[in-house]
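What follows is one structure encoded as structure tokens, with my remarks underneath.
In our numbering, the protein residues as written are 272 to 369.
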């Protein structure tokens with residue numbers, strides 16, 4: 272494996288980590304949702320913390336993709352499905368907070 276194999280997933284994971292820290296610090300959920308987050312009725316700090324956990328989990332799994340590619344290709348598909356499930360779970364969690 273070369274460093275070029277890690278570069279794209281590292282950039283994506285770092286962007287997700289920066290997004291997670293931004294949401295954690297500012298509680299600015301409209302960045303995550305894409306429109307005004309006034310519909311959220313619950314405690315924004317709690318919702319931002321749980322949303323950040325979803326994002327950090329996806330970032331860690333994104334970092335693991337090149338390593339898993341060298342081990343087994345089926346593991347890559349499983350991790351991609353888990354990342355997709357995390358993102359769907361995050362959207363479901365935010366929708367449930369109305």
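We put the beta carbon where it would ideally sit given N, CA and C, even for glycine.
C-alpha distance - residue 278 paired with residue 287, whole-angstrom precision:
Whole-angstrom Cα-Cα distance: 14 Å.
Using the Cβ count rule (16 or more neighbours within 10 Å means buried), how would you classify residue 294?
buried
Near residue 318, what residues of its chain come up, given a Cβ to Cβ distance below 7 Å and the 5 sequence neighbours on each side ignored?
300, 311 and 368
8 Å Cβ shell around residue 370 - same chain, five flanking residues per side excluded
This structure cannot speak to residue 370, because the chain is shown only from 272 to 369.
Within 10 Å of its beta-carbon, does residue 344 have 16 or more other beta-carbons around it, so buried, or fewer, so exposed?
By the beta-carbon neighbour count (other beta carbons within 10 angstroms, threshold 16), residue 344 is exposed.
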